[in-house]
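Asks: My numbering puts the first residue of the sequence shown at 274, with every later residue one more than the last. No residue lacks a Cβ here, since even glycine has one placed at the ideal position from N, Cα and C. These numbers were taken from a predicted model, which means no experiment stands behind them. Attaching a single structure in C-alpha cells format; questions to follow.
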Amino acid sequence: MRNLLAFDLGASNGRAILGQFDGEKIVMRELHRFENNYVEMNGVFYWDLPYLYSQLKQGLLAFKQANVGDLDCFGIDTWGVDFGLLDRNDQLLSNPRAYRYAVDDDFRETWKVVDFPTLFARTGIANQNFNTLYQLYRRKREGDVALENAETLLFMPDLLGFLLTGEKKSEYTEVTTGMIYDPTAKDYDWQTIDALGLPRKIFTPMDRAGQLRGHLRPELAAELGLNRAHFAAVGTHDTASAVAAIPGKGSFAFLSSGTWSLFGTETDAPLLTDAVREANFSNEGTIQGGFRPLKNIMGLWLIQECRRDWQKAGQKLSWDDIVKHAEQAEPMRTVIDTDYGEFFAGGQMVEKIQAFARRTNQPVPETVGQVARCIYESLALKYRWALERLEVIKGQRIEQLNIVGGGIQNRMLDQFVADSIDRPVITGPIEGAAIGNLLAQAMALGDIKDVSELRAVVRRSEPVERWTPNHTALWEDGYKRLLAILENA
C-alpha cells in the first residue's frame, strides 16, 4: 500500500489529501483544508506565501497524525501563471504577486514590442491580461527591484516545492500556462524573452509530471517527525492534473469546473491556426507531454463574488440556499457574457451584473435567485459557445462532455450544461486535480506506466454520474441572445 499526499491549492482554498494506492484502486481522504485569498498591500495584490508554506507543514503534520505509516511521496498542484522570485542566496525577494493585480495595459504595452499574432504563433497561448509574460514585462517597465535582483523564477507549485525540498525546477504543464514556452522548439520562447529584455538566467530547467524531484528537506523531516519522503513532479497546473484524471474514452471534451472553468480537449501537437487564436483558445500542456487546446471561462468566480456581496449585506447563504433560490427564479430571464472584462476584478459583482443587464436592455436581476440563475444559465450557454468552436478547431463532432472538479457539486448547473449543449454530460471525479496529482506520484514511483493506465485506475476507483440533456426552445433562445451580446461586443 502506497501512502501518497497531494497538496491541491486553488485560488480560494487548499487541501492536503491522502491517497492510499494498492496497485488497482486508490482511496482518498482529506486531511487538512485551509483558506487561500490574495492580500492587498500598498495597492498591490499578493499571495501570502509564508501562510501557504505553514499550511503545507500543517498538512504534513496531519499525515503524521493519521498514523498510517511512512509517507512514500508527495506532490503539489496550484493555479497557473503566478510566480515568485529568489535572489542569489535563494531567498524570496517579495511575496508573489496575484494574477488579479493584472490590467489590460500590461498586454497593450507588451504588444508594442511583440504583437499578439506573433506571440500566439510562438507560444500558442490566448491573450489574458495576467499571462506570466505580461506580468514580467510590467515589472521590467516599472523598474521592479525584485526582478532586477532575481536569480531564479519559480512558479507557485515549484516555489512551494522548493521550500519543502530545496530543488529548483519548473514543471512543463505549469510553464506552458505563462506565454513563455515555445511548443515547436520545446523550450522557453527565448526570442520573445530577449525582445522584451527579460533576464534569461531566471528560467530554470524543466521536468515532466511523473518524475521524482528530490526529498523532503532533512531539517523539515526532523521538525515534523516524518521520514524523508520522495517529492514528485506532478501535473503542477491543477487543470493538467484534473484532465489527467478524466475517466472518459472516445471523442470527448473536458471541463474543469471551479473558480475558473477550463474547457478544452487533448491533442498531441499544438493547434496554432488563426481560428484558434481568434477564438482565444490556449495550448497548455498535458502530463503526457502533449497539449490541451482550451478556453478560460470566468467560472464560479462570479457566484463566489456575489455570495461575498450578500454576506456583507447580512445574508448568510449556503451554496445549497443559493441553488434553491435559483430553482424558484424565472428561467432565461437575463443572459450575460460571463467573460465580460468588468467581471474579472473582485467586489460589487451583483452591481456589475445588474449594470450589464441594463446596458444590454435586459431585465435587471434583483433577487438572489435571479442573479444566481442568470449566472448558472449564462455559464451553461458559454460552454456551448466554447464547445462549438472546439468542434470547428478539431474538425469533428464532440460526442460528450466530461466535467471534473468541485463545481460538479452544483447539480443544477450540471443539468443546465447538458441541456445547453444537447449532449450527454459525465461528471466526476470531484477531486479531479487531487487524484491526478496522486496518481502522477504513483507514476513517478513506477507503479503506473502511463496516462491510459492512470485513467483505468480512476475508472476503478471513482464513481461518475451521467446527465441526459433536455434541450428546449428556451435554451435556443438564450443562446441566440448570448451570440448577439458577443457580436455587439
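1) Which same chain residues, not among the five before or five after Leu-747, have their C-beta less than 8 Å away from its C-beta?
2) Mind checking who His-488 pairs with in its DSSP beta bridge?
3) Tell me the rounded alpha-carbon separation between Lys-722 and Asn-683.
4) Quick one: is Leu-573 buried, meaning 16 or more other Cβ sit within 10 Å of its Cβ, or exposed?
5) Starting from Glu-313 and walking both ways along the beta strand (DSSP E), at which residues does that stretch end?
6) Can you tell which of Thr-640, Thr-450, Leu-420 has its C-alpha closest to the C-alpha of Leu-590?
7) Around the C-beta of Arg-412, are 16 or more other C-beta atoms found within 10 angstroms, so that it is buried, or is it exposed?
8) Can you tell me which of Asp-417, Leu-711, Val-341, Pro-323 puts its alpha carbon nearest to the alpha carbon of Met-429?
9) Span of the beta strand (DSSP E) holding Tyr-374?
10) Helix, strand or coil for Lys-459 per DSSP?
11) Excluding the 5 residues flanking Asp-720 on each side, which residues of the same chain have their C-beta closer than 8 Å to its C-beta?
12) Any idea what DSSP makes of Asp-617, helix, strand or coil?
13) I believe Ala-394 touches Trp-352 by the beta-carbon criterion, under 8 Å. Please report the beta-carbon distance rounded to the nearest angstrom.
14) Less than 8 Å between the CB atoms is what I'm expecting for Val-677 and Ile-519, so what's the real figure, rounded?
15) Can you tell which of Leu-304, Asn-315, Ala-339, Asp-345 has its C-alpha closest to the C-alpha of Gln-328?
16) Kindly indicate the opening and closing residues of the beta strand (DSSP E) around Lys-568.
17) Below 8 Å on the Cβ atoms is my contact criterion, and I expect Gly-709 with Ala-517 to pass it. Report the Cβ-Cβ distance as a whole number of Å.
18) Note down, one range per segment and in chain order, each beta strand (DSSP E) of at least 3 residues found wholly within the segment 660–686.
19) In terms of alpha-carbon separation, which member of Leu-493, Ser-734, Gln-669, Arg-670 lies closest to Gly-701?
20) In chain order, what residues of the same chain have a beta carbon less than 6 Å from the beta carbon of Asp-379, not counting five sequence neighbours either side?
Replies: In brief:
1) Pro-604, Met-605
2) His-503
3) 34 Å
4) buried
5) 312–314
6) Thr-640
7) buried
8) Pro-323
9) Per DSSP, Tyr-374 belongs to no beta strand (DSSP E) and is neither H nor E.
10) coil
11) Arg-275, Phe-294, Gly-296
12) Correcting the residue type first, residue 617 is Phe in the shown sequence and not Asp. If DSSP states are grouped into helix, strand and coil, Phe-617 belongs with coil.
13) Not confirmed; about 26 Å, so no contact.
14) 6 Å
15) Leu-304
16) 564–570
17) 4 Å
18) 673–677
19) Ser-734
20) Asn-402, Tyr-407, Arg-411
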